[in-house]
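A.B. asks: Before I ask anything, let me first share the structure, which is written out below as structure tokens.
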Amino acid sequence: MPKRIFYGLSVLLLSAVQPALAQQFESPGSRLLATGGASTIEGSGGGGIVPWATLSSYADEGEWGATVQMTEVQVDDFSLSVQGASFNWNNRVEVSYARQQFDLETIGGELEQSVWGVKARLSGDLVYGAMPQVSAGIQHKSNQTFALPQAVGATDDSSMDYYVSAAKAWLAGPFSRTWVANVTLRNTEANQLGLLGFGGDKRNSREWVGEASVAVFLDRYWAVGVEYRQKPDLLSFAKEDDWKDVFVAYFPSKHVSLVGAYADLGSIAGLASQTGWYLSVQASF
């Protein structure tokens with residue numbers, strides 16, 4: 068059975084049996100269901116491609132929490148596999164790690180990258196009070212397969228991303244539904260997240276880019292939403308497009324979340340119109 072089919076079936080099985088299993092364990096934290104979000108492809112808590120101001124897991128003040136995640140993205144000519152984990156202390160500081168494997172199926176080879184992240188909540192609260200929750204984060208990215216990125220014009224095999232995020236939830240929003248919105252401002256020089264290295268022959272400079280997510284909860288457990296992520300365009304050999312997706316998220320309990328999405332990643336490595344699916348499962352403790 069192909070790896071991606073096996074992975075998808077495993078995730079669906081986990082989502083089916085988890086509610087019964089979760090009753091055997093204590094709640095992993097005091098925050099409301101879904102306020103920990105899911106795991107991004109870079110390891111931090113948030114949506115799928117955009118980090119949120121929220122911190123991972125459900126740990127509140129005086130508590131700690133942890134998550135583990137598996138994510139698979141399959142578009143027309145490429146696939147991305149991610150394994151990651153995060154730790155949240157006191158709903159104040161999040162430490163995360165993600166290992167990314169990027170398969171270039173049509174041109175051969177594989178790119179690998181590790182991402183270490185730290186995020187700190189600066190002010191506000193996602194749910195309570197008038198002010199949004201504001202957090203700042205750093206991601207250290209290290210490309211372990213730099214030969215190909217270097218050959219196409221990348222200048223460095225590692226770099227740092229810096230970002231600030233603001234998020235707010237409205238429990239009684241439009242149409243009597245709960246809504247969540249997040250905006251992120253990122254400073255980066257990463258090509259395709261860093262999988263194609265950092266800096267470029269077109270421009271060897273850092274850029275500010277914007278990212279955003281909006282979601283509405285259909286009920287307590289199900290949410291639908293959209294994400295948008297601007298990307299720098301630093302390599303002359305291939306245009307780098309912004310990313311976007313439409314997602315469905317399922318939170319059967321505080322112990323697990325499941326996210327599926329239709330993703331439009333634009334042009335990657337000179338191959339246009341890279342669209343396909345995204346599937347991620349996260350377990351929280």
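Read the sequence shown against our numbering and you will find it ends at 352, with the numbers running on by one and no gaps.
Positions of the beta carbon are idealized from the N, C-alpha and C atoms, including for glycine.
(1) For K52 versus V276, is the C-beta distance shorter than 9 Å?
(2) L122: buried (16+ other C-beta within 10 angstroms of its C-beta) or exposed?
(3) Going by other Cβ atoms of all chains shown within 10 Å of its Cβ, with 16 needed for buried, is E294 buried or exposed?
(4) What's the C-alpha gap between P199 and G327?
(5) Just mark A339 as buried or exposed, buried being the case when its beta carbon has 16 or more other beta carbons within 10 Å.
(6) Can you have a look at T342 and say buried or exposed, based on whether 16 or more other CB atoms are within 10 angstroms of its CB?
(7) Answer yes or no: the CB of T212 versus the heavy atoms of the ligand SAH, is any distance below 8 Å?
(8) Given that a residue counts as buried once 16 or more other Cβ atoms are within 10 Å of its Cβ, and exposed if not, what is G176?
(9) Can you list, in chain order, the residues of its chain whose CB lies under 6 Å from that of S163, leaving out five sequence neighbours each side?
(10) Out of curiosity, what's the CA-to-CA distance linking Q204 and Y195?
(11) Within its chain, find whatever has a CB closer than 8 Å to the CB of D309; leave out the 5 residues flanking it on each side and keep chain order.
(12) What whole-angstrom Cβ distance do G151 and S124 have, given they're in contact under 8 Å?
(13) Considering only the alpha carbon of each residue, which of L302, Q349, N157 and V313 lies closest to L325?
(14) Taking DSSP's pairing of strands, which residues face H207 in a bridge?
(15) Identify, in the order they occur along the chain, each residue of the same chain with its Cβ nearer than 7 Å to the Cβ of K208, setting aside the five sequence neighbours on each side.
(16) Return the CA-CA distance between Y329 and I108, expressed in angstroms with no decimal places.
(17) What is the C-beta distance between A305 and G337, in whole angstroms, given that I count them as a contact (C-beta under 8 Å)?
C.D. replies: Taking the definition as stated:
(1) Residue 52 cannot be examined here, being either before or after the span of the chain that is shown, 68 to 352.
(2) Taking the first residue of the sequence shown as 1, we reach residue 122 at position 55. Buried, because 16 or more other Cβ atoms sit within 10 Å of the Cβ of L122.
(3) As a position in the sequence shown, residue 294 is number 227, starting the count at 1. Classification of E294: buried, given that the 10 Å Cβ count is 16 or more.
(4) Numbered from 1 along the sequence shown, position 132 holds the residue referred to as residue 199. Numbered from 1 along the sequence shown, position 260 holds the residue referred to as residue 327. P199 and G327: Cα-Cα distance of roughly 26 Å.
(5) Position 272 of the sequence shown holds residue 339. Exposed, by the Cβ-count rule.
(6) For the purposes of this step, residue 342 is taken as residue 275 along the sequence shown, with counting starting at 1. Exposed.
(7) Among the components modelled here there is no ligand, and therefore nothing to report on the ligand SAH.
(8) What you label residue 176 is simply residue 109 of the sequence shown in a count that begins at 1. G176 is exposed by the Cβ-count criterion.
(9) For this step, residue 163 is matched to residue 96 along the sequence shown. The answer, listed in chain order, is G110, S111, S153 and G184.
(10) As a first step, residue 204 must be located in the sequence shown, where it is residue number 137. As a first step, residue 195 must be located in the sequence shown, where it is residue number 128. Residue identity check: residue 204 is Gly in the sequence provided, not Gln. Distance between the alpha carbons of G204 and Y195: 22 Å.
(11) Numbered from its first residue, the sequence shown carries residue 309 at position 242. The residues are Y295, R296, Q297, K298 and G333.
(12) In the sequence shown, the residue the question calls residue 151 occupies position 84. In the sequence shown, the residue the question calls residue 124 occupies position 57. The Cβ separation is near 13 Å, so there is no contact.
(13) As a first step, residue 325 is located in the sequence shown; it is residue number 258 there, counting from the start. Ranking L302, Q349, N157 and V313 by Cα distance to L325 puts Q349 first.
(14) Residue mapping note: residue 207 aligns to position 140 of the sequence shown, counting from 1. Per DSSP, W183 and M227.
(15) One-based indexing of the sequence shown puts residue 208 at position 141. Cβ neighbours of K208 beyond the five flanking positions: Q180, V182, S225, S226, D228, A257 and G261.
(16) Taking the first residue of the sequence shown as position 1, residue 329 is located at position 262. Taking the first residue of the sequence shown as position 1, residue 108 is located at position 41. In a straight line, the C-alpha of Y329 is about 15 Å away from that of I108.
(17) For the purposes of this step, residue 305 is taken as residue 238 along the sequence shown, with counting starting at 1. For the purposes of this step, residue 337 is taken as residue 270 along the sequence shown, with counting starting at 1. Contact flag correct, Cβ pair sits at about 4 Å.
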